[in-house]
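Residue numbers (the numbering used here): 1 to 168.
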């Protein structure tokens with residue numbers, strides 16, 4: 001497949017969130033319908049990507065949303081939260097055909113640059129415990145295991161692994 005240039009773009013103030021939700025739903029389904037039952041996956045998507053939640057987060061100065069595009073097509077997205085001592089990569093989802101070492105490194109580097117610029121000492125993220133390859137990728141790229149957590153969401157336990165990369 002002939003790939004165009006991949007771009008990471010911060011959401012615009014007037015970003016069309018309904019259009020973004022459509023793209024995000026396709027990306028979400030591709031990544032999570034193999035991990036969760038479809039009903040659970042749909043509940044989780046609505047919890048994290050309801051139009052109201054996206055509108056609120058778009059106005060929050062401590063949350064940044066980033067679209068990952070190729071030729072104006074959304075192929076992934078990230079959201080970053082500024083915490084007291086770190087930048088937390090809350091979401092980093094990419095269509096499977098676009099996932100590669102380069103795109104992951106660009107996203108991590110973006111989070112690192114924002115962390116340093118804002119005087120944070122680390123970047124953190126959660127990885128679903130079932131995503132063993134992705135978890136291994138981060139561990140091989142200077143992230144350290146922090147802990148495993150179980151989140152009760154949608155009547156189900158969601159198993160996540162928290163990873164952190166120290167920047168100082």
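Every residue, glycine too, gets a C-beta built ideally from N, C-alpha and C.
Exposed or buried, residue 2, counting other C-beta atoms within 10 Å across all chains shown (16 or more means buried)? Confidence is the limiting factor: at residue 2 the pLDDT is only 48, short of 50, which leaves the residue's position unreliable and the question unanswerable from this model.
Close Cβ partners of residue 21 (< 8 angstroms) along its chain, the five nearest in sequence each way excluded: For residue 21, where only same-chain residues beyond five positions count, the Cβ hits under 8 angstroms are 49, 51 and 54.
Going along the chain, which residues of its own chain have a beta-carbon closer than 6 angstroms to the beta-carbon of residue 75, five neighbours each way excluded? Sequence-distant Cβ neighbours of residue 75 in its own chain, meaning closer than 6 angstroms and more than five residues away, are 68, 95 and 98.
Where does residue 84 sit, in a helix, a strand or coil, going by DSSP? In the structure shown, residue 84 adopts coil according to DSSP, grouped into three states.
Rounding to the nearest angstrom, what Cα-Cα distance links residue 9 and residue 31 in this structure? Distance from the CA atom of residue 9 to the CA atom of residue 31, rounded to whole angstroms, is 21 angstroms.
Neighbourhood of residue 123 by C-beta, 8 angstroms cutoff - its chain only, sequence neighbours within 5 removed: These residues qualify, in order along the chain: 86, 87, 88, 89, 108, 111, 112, 115, 164, 165 and 167.
Please classify residue 126 as buried or exposed, where buried requires at least 16 other C-beta atoms within 10 Å of its C-beta. The residue in question, residue 126, is buried, as its Cβ has 16 or more Cβ neighbours within 10 Å.
In three-state DSSP terms, what is residue 148? DSSP places residue 148 in strand when its eight states are reduced to three.
Under three-state DSSP, which class holds residue 76? If DSSP states are grouped into helix, strand and coil, residue 76 belongs with the strands.
In angstroms with no decimal places, state the Cα-to-Cα distance between residue 79 and residue 117. Approximately 17 angstroms between the Cα atoms of the pair.
Taking the beta strand (DSSP E) that residue 122 falls in, what are its first and last residues? It spans 122–128 - the beta strand (DSSP E) in which residue 122 sits, taken as one unbroken run.
Quick check: the Cα distance between residue 100 and residue 137, rounded to an integer number of angstroms? The straight-line gap from Cα to Cα measures roughly 11 angstroms.
Rounded C-beta distance between residue 44 and residue 154? I'm assuming under 8 angstroms. Right, their Cβ atoms sit about 6 angstroms apart.
Give me the residue from 77, 40, 104 and 130 with the minimum Cα distance to residue 140. Out of 77, 40, 104 and 130, 104 has the C-alpha closest to the C-alpha of residue 140.
Excluding the five sequence neighbours on either side, which residues of its own chain have a C-beta within less than 6 angstroms of the C-beta of residue 92, listed in chain order? Beyond the five residues adjoining it in sequence on each side, residue 92 comes within less than 6 angstroms, by CB distance, of 78 and 107 in the same chain, given in chain order.
Indicate whether residue 162 and residue 151 have their beta-carbon atoms separated by less than 8 angstroms. Result no, Cβ atoms of residue 162 and residue 151 do not sit closer than 8 angstroms.
Could you give the residue range of the beta strand (DSSP E) that holds residue 160? For residue 160, the enclosing beta strand (DSSP E) stretches over residues 156–166.
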